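Add 1 to a position in the sequence shown, counting from 1, and you land on the number used in this note's numbering. Idealized CB from N, CA, C, for every residue including glycine. Keep in mind that this is a model prediction, so the values were computed, not measured. Okay, structure first, notes after.
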Amino acid sequence: FAAIGGVALSSWLAEKLKGTASIGLQQNLNYSMGNYQGSSVILGLTSFSVQMPANINTMATASAGLFYDVRKNERIGVNALWQQQPFINTNTTSVIATYTIGL
2 FAAIGGVALS SWLAEKLKGT ASIGLQQNLN YSMGNYQGSS VILGLTSFSV QMPANINTMA
62 TASAGLFYDV RKNERIGVNA LWQQQPFINT NTTSVIATYT IGL
């Protein structure tokens with residue numbers, strides 16, 4: 002169970018060029034996960050126990066993008082996204098390029 006909030010902005014930077022930016026937070030309000038334990042009839046694996054990683058309760062995210070209208074129904078764009086991850090002590094950054102055509 003989590004609460005999510007953020008702010009996003011977008012603005013035309015030129016006649017055919019649009020910029021976007023956003024920031025946000027996710028707050029885990031109720032998190033509970035125990036370790037996985039079990040037994041098996043597989044030879045050499047009679048029981049097992051897997052410790053689950055610790056959870057980060059507050060995670061941040063941010064993104065920024067640029068979109069260019071090639072024609073009335075065509076747009077190219079690039080968007081970058083940064084996120085904190087909930088179960089590993091690392092952050093991720095992704096960049097995606099898009100081409101959209103529509104009516």
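How many whole angstroms separate the CB atoms of residue 26 and residue 7, which I take to be in contact at a CB cut-off of 8 Å? Your numbering for residue 26 matches position 25 in the sequence shown. Your numbering for residue 7 matches position 6 in the sequence shown. Contact flag correct, Cβ pair sits at about 7 Å.
Helix, strand or coil: how does DSSP classify residue 6 here? Against the sequence shown, residue 6 aligns to sequence position 5. Note: residue 6 maps to strand in three-state DSSP.
Counting C-beta neighbours from all protein chains within 10 Å, is the total for residue 68 16 or more, i.e. buried, or is it exposed? In the sequence shown, residue 68 corresponds to position 67, counting from 1. Buried.
Once DSSP output is grouped into helix, strand and coil, what is the label at residue 149? Residue 149 is absent from the model: the chain starts at 2 and stops at 104.
Per-residue DSSP class, three states only, for residue 98: Walking along the sequence shown from the start, residue 98 turns up at place 97. Residue 98 falls in the strand class under three-state DSSP.
Considering only their Cβ atoms, is the gap separating residue 103 from residue 74 smaller than 8 Å? As a position in the sequence shown, residue 74 is number 73, starting the count at 1. As a position in the sequence shown, residue 103 is number 102, starting the count at 1. In contact: residue 74 and residue 103 (Cβ atoms closer than 8 Å).
Could you pull out every residue in the same chain whose Cβ sits closer than 6 Å to the Cβ of residue 100, ignoring the five residues on either side in sequence? Here residue 100 corresponds to residue number 99 of the sequence shown, with the count starting at 1. Around residue 100, the same chain offers 77 as residues with beta carbons nearer than 6 Å, after the five sequence neighbours per side are excluded.
State the beta-bridge partners of residue 110 as determined by DSSP. Limits of the chain in this structure are 2 at one end and 104 at the other, which puts residue 110 out of reach.
May I ask which residues mark the beginning and end of the beta strand (DSSP E) holding residue 47? By one-based count along the sequence shown, residue 47 stands at place 46. The continuous beta strand (DSSP E) containing residue 47 extends over residues 46-51.
Hey, out of 70, 58 and 63, whose CA is closest to residue 95's CA? Within the sequence shown, numbered from 1, the residue matching residue 95 stands at position 94. For residue 95, the nearest C-alpha among the options comes from 63.
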